[in-house]
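Engineer: Have a look at this one.
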Amino acid sequence: MTALIIPAVFIAVFVFAAFKKVKIYDEFSKGVGEAVKFTVSLLPCLAAIFMMCAIFEASRLSAMLVNLLSPVFGALGIPKELTKLVLIKPFSGSGSLAYLNEIIAAHGADSYISRCACVCFGSSETVFYISAVYFANLKMKKLFKPIAAVLIATLVSTVFACLLCRIM
Amino acid sequence: MNAIFTVILISSLIALTFVAPAELLPALLGGAEDAAAMALTLFCIYAVWMGLSNLAEKSGFSKGAARLLKPLTKKIFKTENDEACENIAMNMSCNLLGIGGAATPFAVKAINELEKDKNEFAQKLLFVINATSIQLLPSTVIALRASAGSAAAFDIFLPSLICTAISTFCGVVLFLVLEKLKPRRKKPINKAYTGVKLKFKGHGSK
């Protein structure tokens, strides 16, 4: 069913545009042109954040943080196998996806840990990446409160995810 | 962001100097390389969706879709900016349909549009809603489980739905409370919503 959503959206938009006599080729290319500009405007922020993540990982500080927070997360009902996933997700979508794959491979697709990991992964977002992308071209940089709100909310939903997977 | 970046970077640098100084440069280069690869992936996603969204915009398709949601977006985001409302409405629709790649360009357009009115509240709120994830169907994860041989790949649907609702709800409430705590005098939080129109004086600094 979900496979049909995307073609349906494309057909609806293209047919509607043709109906309205929009120059489809010109306007589509113009949109792609915007995508070029947009991607280039993101590159500095992306590069800086990715470099930060890379040396954070290389310095073993991330591993230390995982070890440090495992008991805290454990007290909240989050299994220790998930600590790393929960910590990586806000920074890196691809990194956490790779780690999610590892978890599924190690524990089996239908295990509690895997289901839990999947729900956590599916119901959270790459917060820092989104904040970089959304506010890349703005002067406003006072993002501490919104980011804090999002991170706390994500932690709450993670706790619920671990709880729900036990009973559902 | 500057503070977070500085703290993580400096502490990592110091730790790295003790643990493995030779790994610094390769790590930085690797990070930059990942960023370049990521940018390429993102460009591909945006090329498809921004091409489509430009068509939707020029043909008036998104205007029609947005009209249904406009009363709601106007009220929630406290904006009279039609263009912004339209983009917000499209962003929400894409999110709910689970097309995250398409949602981002609309959000960015909306945020740039809101910048013209200096509507920081709406910008931040849109960020909070998007960053707490509001998708109805976690299609990536379901596909991943199915390919790993799960017997019931869909059984995480309901917990996921509940969790994403919880995170968005918590995020918005927390955000409103935090914004509310800013004014000089503290007022009871129960009417959090009315007080949020506060002026963001002197917040323009880095």
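Protein sequences, first through last, are from chains A and B.
Taking my numbering, I'd label the letters of the first sequence as residues -1 to 166.
Taking my numbering, I'd label the letters of the second sequence as residues 506 to 711.
Even glycine gets a Cβ: it sits at the ideal position worked out from N, Cα and C.
Whose CA, out of B:601, B:568 and B:607, lies closest to the CA of residue 586 of chain B?
Structural biologist: B:568
Engineer: Please check if any C-beta of chain A sits within less than 9 Å of the C-beta of residue 572 of chain B.
Structural biologist: no
Engineer: Using the Cβ count rule (16 or more neighbours within 10 Å means buried), how would you classify residue 5 of chain A?
Structural biologist: By the neighbour-count criterion, in which a residue is buried when 16 or more other Cβ atoms sit within 10 angstroms of its Cβ, residue 5 of chain A is exposed.
Engineer: Provide the residue span of the alpha helix (DSSP H) that contains residue 587 of chain B, from first to last.
Structural biologist: 587 to 602
Engineer: Check each residue of the segment 659 to 675 of chain B: if its Cβ is closer than 7 Å to any Cβ of chain A, include it; give the result in chain order.
Structural biologist: The segment 659 to 675 of chain B vs chain A, Cβ under 7 Å: 661, 663, 664, 665, 667, 668, 669, 671, 672 and 675.
Engineer: Would you say residue 508 of chain B lies against chain A (beta-carbon separation less than 9 Å)?
Structural biologist: Closer than 9 Å to some Cβ of chain A, the Cβ of residue 508 of chain B qualifies, so yes.
Engineer: Between residue 79 of chain A and chain B, is any beta-carbon pair separated by less than 9 Å?
Structural biologist: no
Engineer: With 7 Å as the C-beta to C-beta threshold (strictly closer), list the residues of the segment 540 to 554 of chain B near chain A in chain order.
Structural biologist: 540, 543, 544, 547, 548, 551 and 552
Engineer: Mapping DSSP to helix, strand and coil, what is residue 639 of chain B?
Structural biologist: coil
Engineer: Consider the Cβ of residue 577 of chain B: report whether some Cβ of chain A lies at a distance smaller than 9 Å.
Structural biologist: no
Engineer: Which residues in chain B have a C-beta closer than 9 Å to the C-beta of residue 71 of chain A? List them in chain order.
Structural biologist: Ordered by position in chain B, no residue passes the 9 Å Cβ test against residue 71 of chain A, which lies about 16 Å from the chain.
Engineer: Nearest by alpha-carbon distance to residue 11 of chain A: which of B:515, B:563, B:615 and B:528 is it?
Structural biologist: B:563
Engineer: Using the beta-carbon count (16 or more within 10 Å), is residue 24 of chain A buried or exposed?
Structural biologist: exposed
Engineer: So, under 8 Å CB-CB, residue 675 of chain B and residue 154 of chain A are touching, yes? Tell me the CB distance rounded to an integer number of Å.
Structural biologist: 5 Å
Engineer: Taking only the alpha-carbon atoms, compute the straight-line gap between residue 608 of chain B and residue 523 of chain B and give it to the nearest angstrom.
Structural biologist: Inter-residue distance for residue 608 of chain B and residue 523 of chain B is about 43 Å (C-alpha atoms, whole angstroms).
Engineer: Assuming residue 77 of chain A and residue 43 of chain A make a contact with CB atoms under 8 Å, what is their CB distance in whole Å?
Structural biologist: About 33 Å separates the beta carbons of residue 77 of chain A and residue 43 of chain A, which is beyond the 8 Å limit, so they are not a contact pair.
Engineer: Examine chain A for any beta-carbon lying closer than 9 Å to the beta-carbon of residue 581 of chain B, and answer yes or no.
Structural biologist: no
Engineer: Helix, strand or coil, according to DSSP, for residue 89 of chain A in the structure here?
Structural biologist: coil
Engineer: If you draw a straight line from the C-alpha of residue 659 of chain B to the C-alpha of residue 108 of chain A, how long is it?
Structural biologist: The alpha-carbon of residue 659 of chain B is positioned some 11 Å away from that of residue 108 of chain A.
Engineer: Given a cut-off of 9 Å on the beta-carbon distance, is the pair residue 132 of chain A and residue 612 of chain B in contact?
Structural biologist: yes
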